[in-house]
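These notes are about the structure you will find just below.
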Amino acid sequence: MKFTLVRERERFRGRLFTLVERDVVLPNGRAATLNIVEHPGAVAIVPVYQNGDVVLLRQFRVAAAGEIWEIPAGTREAGEAPGKTARRELAEETGLRAARWTKLGAFFTAPGFCTEQITVYLARGLGETDGACEPDEVLKPRRVPFREALRMIARGVIRDAKTIAGLHMAQGLVHGRTPA
């Protein structure tokens, strides 16, 4: 299905996203004015040790009014390939590097109003490396058994969407099963 863009106006430009207003004609022929958040895309990493432990972050988020559990993740720089972003973010947020990377897939975070797509990677063969968080990041890496991370989802302890999706996307590979 196609739509027709009639007019577009930039309403806000920030460090991480741009808000645009678009007048469009939808595939059903109706006109609409939509507010769209344009985002460069992001990556999320499920770092798993050989014994099956996963690295989670206890991260402070102003929008969540406190700390939440997350997997390492970050926004892509302009023109940066997702794999490069994943390697950079893993080092910055956890002080780890990975010898083996598996792309698990990608998803839209909120396609009703946002262009952001998150590409998810499984990182294995973990080892230490240099890394330093961004100045606006307040986080604590924690090593957790993978099955416990899944139980944290079931109990509502993990509430971050990319973390829930990423852990479920990785589950079959971590437990030796090929996803369907």
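Taking the numbering used here, the leading residue of the sequence shown gets 51, the next gets one more, and so forth.
All C-beta atoms, glycine included, are put in the ideal place defined by N, C-alpha and C.
Range of the contiguous alpha helix (DSSP H) that encloses residue i
| i | result |
| --- | --- |
| I121 | Careful: I121 lies outside any alpha helix (DSSP H) and carries neither H nor E. |
| G222 | A211 to V224 |
| E198 | F196 to A204 |
Element boundaries [beta strand (DSSP E), containing residue i]
| i | result |
| --- | --- |
| F62 | T54 to R63 |
| I168 | Q167 to E178 |
| V207 | Looking at the DSSP string, V207 is not in any beta strand (DSSP E), and its letter there is neither H nor E. |
| T68 | T68 to V75 |
Proximity of residue i and residue j at Cβ, strictly below 8 Å
| i | j | result |
| --- | --- | --- |
| V236 | W119 | Outside the shown range of the chain (51 to 230) lies residue 236, about which nothing can therefore be said. |
| D73 | R193 | no |
| T179 | A141 | yes |
| V188 | Q100 | no |
| E139 | I95 | yes |
| E166 | A92 | yes |
| V70 | E60 | yes |
| P195 | A148 | no |
| V170 | L146 | no |
| A123 | K212 | yes |
| L217 | L200 | yes |
| A81 | F157 | no |
| H40 | L55 | Nothing can be reported for residue 40, as the shown portion of the chain is limited to 51 through 230. |
Cβ-based burial, residue i [other Cβ within 10 Å; buried from 16]
| i | result |
| --- | --- |
| K190 | exposed |
| G129 | exposed |
| T83 | exposed |
| M219 | buried |
| R126 | buried |
| V226 | The question names Val, but residue 226 in the sequence shown is Gly. So G226 ends up on the exposed side. |
| E143 | buried |
| P229 | Low per-residue confidence applies at P229: pLDDT is 49, beneath 50, and the placement is therefore not dependable enough to give any value. |
| A160 | exposed |
DSSP three-state assignment for residue i, whether helix, strand or coil
| i | result |
| --- | --- |
| E187 | coil |
| T83 | strand |
| F157 | strand |
Could you tell me which whole alpha helix (DSSP H) segments of length 4 or greater appear in the stretch 85-148? For the stretch 85-148, whole alpha helix (DSSP H) runs of length 4 or above, ordered along the chain, are 132-144.
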